[in-house]
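Colleague: The sequence shown begins at 660 in the working numbering and counts up one residue at a time. We put the CB at the ideal spot given by N, CA and C, even for glycine. None of the values given here were measured: they were computed from a predicted structure. Below you will find the structure I want to go over with you.
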Amino acid sequence: MREQLLILLSRYREASIAVVAIVLVIYFQLGSDGGFLSPSFMSVVLRDTGRLGLIATAEVMLMITGEIDLSLSAIFSIAPYIMALLSVTYGVPLAVGAVIGVLIGILVGAINGIVTVRFKVPSLITTVGTLFFLQGIVVSIYNSQPIVAPVEQPFNAIFGQSLYQPTDALLSWHGVTAFTPFLWALLVVLVLALVLNRTTFGLHTIATGSNIIGAREIGVRTDRMKIYNFMIAGGCAAFAGIINTAQFTSADPQAGSPFLTLQAIAAAVIGGTSLLGGSGTVIGALIGAFVVASLNNGLVMIGAQATVSDIYLGAAIIAAMILSIQVDRLRTRRRV
660 MREQLLILLS
670 RYREASIAVV
680 AIVLVIYFQL
690 GSDGGFLSPS
700 FMSVVLRDTG
710 RLGLIATAEV
720 MLMITGEIDL
730 SLSAIFSIAP
740 YIMALLSVTY
750 GVPLAVGAVI
760 GVLIGILVGA
770 INGIVTVRFK
780 VPSLITTVGT
790 LFFLQGIVVS
800 IYNSQPIVAP
810 VEQPFNAIFG
820 QSLYQPTDAL
830 LSWHGVTAFT
840 PFLWALLVVL
850 VLALVLNRTT
860 FGLHTIATGS
870 NIIGAREIGV
880 RTDRMKIYNF
890 MIAGGCAAFA
900 GIINTAQFTS
910 ADPQAGSPFL
920 TLQAIAAAVI
930 GGTSLLGGSG
940 TVIGALIGAF
950 VVASLNNGLV
960 MIGAQATVSD
970 IYLGAAIIAA
980 MILSIQVDRL
990 RTRRRV
């Protein structure tokens, strides 16, 4: 019975975490006297889900290869900060600054990847160093002062505001506007899901994490695959930061605390991605981000202390990790 349950969970990881998300919604809806599913509150949850989901998706691509990036929160902060700085100081259009910001995120990811695979530095150490390095740049050069970014259309309409009015029945539910961060996160997740499941790049990414020696023997350039996925992660984190700045029209270098990255990793693990590599789902990561966002906001709504959400989140991570290890062991036995 236990083995059959594990097989079922391994086959339908996204559905399993979706059930958890539904249970949470019902619990908070009942506990808040119907307030959780109100238009205003669900808009906040969707906004947080989109921002966290983009970073969680970035982590999934790396975790599948057996690596991790703790510097994504710093990239999340510095990319839009540079975009706003270029716009305010030199009159660079926000769209051009956004492209530069994303390219900087990709460059930082490439550096992380090269240091990790070429110099054999564990990615945990590499990215912690990058985290402090980027934070040090912001503090020492820019004095950590927020920059109010100008509003430029259609840039802010596309990236910072709701793309559709609540009257649009396709993307609105009881007046809940699908906020731009969630829509962009959903688009990125769908693209990366296709990449992982339908392309050679995705196959090589999974092979790199599941059996790196075997992957090398069949011609997979595993070092290159890791570097590419570091670059994808950096680009996704930068994009998330730019969307966040476009919505609030303010670039705050302190917006992305390291806790944001830890929550993204938690969302990825809860969503079914293994910390051991070789297995992961970007769709599950987005659902996991919804679970984390629901915990963060829902517990406050029903009157619990803010720190209680950390307790639930920690318990969820441990439970998800135990389940992931059990599923990995089952897969190993079935291969043998």
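Beta-carbon separation of A892 and L731 under 8 Å?
Modeller: For the purposes of this step, residue 892 is taken as residue 233 along the sequence shown, with counting starting at 1. For the purposes of this step, residue 731 is taken as residue 72 along the sequence shown, with counting starting at 1. Yes, the pair counts as a contact, with Cβ atoms nearer than the cut-off.
Colleague: Compute the Euclidean distance between the alpha carbons of T858 and N888, then round it to the nearest angstrom.
Modeller: The count along the sequence shown starts at 1 and reaches residue 858 at position 199. The count along the sequence shown starts at 1 and reaches residue 888 at position 229. When rounded, the distance between both Cα atoms is 14 Å.
Colleague: Under 8 Å between the Cβ atoms of T920 and L729?
Modeller: Here residue 920 refers to the residue found at position 261 when the sequence shown is read from its first residue. Here residue 729 refers to the residue found at position 70 when the sequence shown is read from its first residue. Yes, these two residues count as a Cβ contact at 8 Å.
Colleague: Do D911 and P840 have their C-beta atoms within less than 8 Å of each other?
Modeller: For the purposes of this step, residue 911 is identified with residue 252 of the sequence shown, where counting begins at 1. For the purposes of this step, residue 840 is identified with residue 181 of the sequence shown, where counting begins at 1. No, the Cβ-Cβ distance between D911 and P840 is not below 8 Å.
Colleague: Excluding the five sequence neighbours on either side, which residues of its own chain have a C-beta within less than 6 Å of the C-beta of A905, listed in chain order?
Modeller: Mapped onto the sequence shown, residue 905 falls at position 246. The residues are N815, F818 and G819.
Colleague: Which residue marks the beginning of the alpha helix (DSSP H) containing E876, and which one marks its end?
Modeller: Within the sequence shown, numbered from 1, the residue matching residue 876 stands at position 217. Run containing E876: I871 to E876, per the alpha helix (DSSP H) assignment.
Colleague: Please indicate yes or no: does the CB of V719 lie closer than 7 Å to some heavy atom of the ligand GDP?
Modeller: The ligand content of the structure shown is nil, which means the ligand GDP is not present either.
Colleague: Could you give the C-beta distance for S673 and I946, rounded to a whole number, given that I count them as a contact under 8 Å?
Modeller: Looking up residue 673 in the sequence shown gives position 14. Looking up residue 946 in the sequence shown gives position 287. The sequence as given places Glu at residue 673; Ser does not occur at that position. Indeed they touch by this definition, with Cβ atoms about 6 Å apart.
Colleague: Under a three-way DSSP split, which group does A677 fall into?
Modeller: Within the sequence shown, numbered from 1, the residue matching residue 677 stands at position 18. Three-state DSSP puts A677 in a helix.
Colleague: Could you check how far apart the C-beta atoms of V941 and L855 are, in whole angstroms? I think they sit under 8 Å.
Modeller: Within the sequence shown, residue 941 is the residue found at index 282, counting from 1. Within the sequence shown, residue 855 is the residue found at index 196, counting from 1. Rounded, the Cβ-Cβ distance is 7 Å, consistent with contact.
Colleague: How many Å lie between V611 and L689 at the Cα?
Modeller: Shown here, the chain extends from 660 to 995; a query on residue 611 therefore has no answer.
Colleague: Mapping DSSP to helix, strand and coil, what is I806?
Modeller: Here residue 806 refers to the residue found at position 147 when the sequence shown is read from its first residue. Looking at I806 - three-state DSSP - the assignment turns out to be strand.
Colleague: Give the straight-line distance between the Cα atoms of L679 and F949, rounded to the nearest whole angstrom.
Modeller: As a working note, residue 679 is residue 20 in the sequence shown. As a working note, residue 949 is residue 290 in the sequence shown. At residue 679 the sequence reads Val, which differs from the Leu that was named. About 10 Å.
Colleague: Does the distance from the C-beta atom of S736 to that of G937 stay below 8 Å?
Modeller: As a working note, residue 736 is residue 77 in the sequence shown. As a working note, residue 937 is residue 278 in the sequence shown. No, Cβ-Cβ distance for S736 and G937 is not below 8 Å.
Colleague: Work out the CA separation of Q913 and I773 for me, nearest whole Å.
Modeller: Translated into positions along the sequence shown, residue 773 becomes position 114. Translated into positions along the sequence shown, residue 913 becomes position 254. Those two C-alpha atoms are separated by around 27 Å.
Colleague: What are the complete beta strand (DSSP E) segments, minimum 3 residues, inside the region 749-780?
Modeller: Within the region 749-780, no complete beta strand (DSSP E) run reaches 3 residues.
Colleague: Can the beta-carbon of S746 be found closer than 8 Å to that of P809?
Modeller: Position 87 of the sequence shown holds residue 746. Position 150 of the sequence shown holds residue 809. Yes; because the gap between Cβ atoms is below 8 Å, this pair is in contact.
Colleague: Whole alpha helix (DSSP H) runs in the region 877-934 with 4 or more residues, listed along the chain?
Modeller: DSSP runs (the alpha helix (DSSP H)) wholly in the region 877-934: 881-907 and 917-929.
Colleague: Determine the closest residue to I796 out of A733, R883 and T786, with distance taken between C-alpha atoms.
Modeller: In the sequence shown, counting from the first residue as 1, residue 796 sits at position 137. With distances taken between Cα atoms, I796 lies closest to A733.
Colleague: Go through its chain and collect everything with a Cβ distance to L713's Cβ below 8 Å, but skip five positions before and after it.
Modeller: Taking the sequence shown and counting its residues from 1, one reaches residue 713 at position 54. Excluding sequence neighbours, L713 sits near P840, W843, A844, V847, C895, A896, F898, A899 and I902.
Colleague: Pull up the distance between the alpha-carbon of I685 and that of F791, whole angstroms please.
Modeller: Start at 1 with the first residue of the sequence shown, and residue 685 comes out as number 26. Start at 1 with the first residue of the sequence shown, and residue 791 comes out as number 132. Straight-line Cα distance between these residues: approximately 40 Å.
Colleague: Assuming contact is defined by CB atoms lying nearer than 8 Å, are F934 and M980 in contact in what I supplied?
Modeller: Position 275 of the sequence shown holds residue 934. Position 321 of the sequence shown holds residue 980. Reading off the sequence shown, one finds Leu at residue 934, where the question assumed Phe. Yes, Cβ-Cβ distance for L934 and M980 is below 8 Å.
Colleague: Assuming N956 contacts V703 under a Cβ cut-off of 8 Å, what Cβ separation, rounded to an integer in Å, is found between them?
Modeller: Here residue 956 refers to the residue found at position 297 of the sequence shown. Here residue 703 refers to the residue found at position 44 of the sequence shown. Yes, they are in contact, since the Cβ atoms of N956 and V703 sit about 6 Å apart, within 8 Å.
Colleague: Threshold first: 3 residues or longer. Then list the beta strand (DSSP E) segments lying entirely within the region 686-725, N to C.
Modeller: You should have found no qualifying run.
Colleague: Considering Cα atoms alone, identify which of Y971, G931 and T864 is closest to E726.
Modeller: If you number the sequence shown from 1, residue 726 lands on position 67. Cα-wise, what sits closest to E726 is T864.
Colleague: Quick one: Cα of Y971 to Cα of S953, how far?
Modeller: Counting from 1 along the sequence shown, the entry for residue 971 is found at position 312. Counting from 1 along the sequence shown, the entry for residue 953 is found at position 294. Approximately 11 Å between the Cα atoms of the pair.
Colleague: Given that a residue counts as buried once 16 or more other Cβ atoms are within 10 Å of its Cβ, and exposed if not, what is I676?
Modeller: For this step, residue 676 is matched to residue 17 along the sequence shown. Label assigned to I676: buried.
Colleague: Looking at the unbroken alpha helix (DSSP H) that takes in L853, where does it start and where does it end?
Modeller: Along the sequence shown, one-based indexing puts residue 853 at 194. Element bounds for L853: T839 to R857.
Colleague: Going along the chain, which residues of its own chain have a beta-carbon closer than 6 Å to the beta-carbon of S909, five neighbours each way excluded?
Modeller: Counting from 1 along the sequence shown, the entry for residue 909 is found at position 250. Contacts found: P805 and V807.
Colleague: Leaving out five residues before and five after E811 in sequence, what residues of the same chain have Cβ atoms less than 7 Å from its Cβ?
Modeller: To locate residue 811, count along the sequence shown from 1; it is residue 152. Cβ within range, chain order: P752 and L753.
Colleague: Might you give, ordered along the chain, the residues of its own chain that have their beta carbon closer than 6 Å to the beta carbon of V787, omitting 5 neighbours on each side?
Modeller: If you number the sequence shown from 1, residue 787 lands on position 128. Excluding positions up to five away in sequence, the list reads L729.
Colleague: Report yes if the C-beta distance between I976 and A925 is below 8 Å; otherwise report no.
Modeller: Here residue 976 corresponds to residue number 317 of the sequence shown, with the count starting at 1. Here residue 925 corresponds to residue number 266 of the sequence shown, with the count starting at 1. Cβ distance < 8 Å, so I976 and A925 count as in contact.
Colleague: Pull up the distance between the alpha-carbon of T785 and that of N771, whole angstroms please.
Modeller: On the sequence shown, residue 785 is found 126 positions in, with the first residue counted as 1. On the sequence shown, residue 771 is found 112 positions in, with the first residue counted as 1. T785 and N771: Cα-Cα distance of roughly 6 Å.
Colleague: Hey, would you say I961 sits closer than 8 Å to S699, going by beta carbons?
Modeller: The sequence position of residue 961 within the sequence shown is 302, counting from 1. The sequence position of residue 699 within the sequence shown is 40, counting from 1. Not closer than 8 Å, so no.
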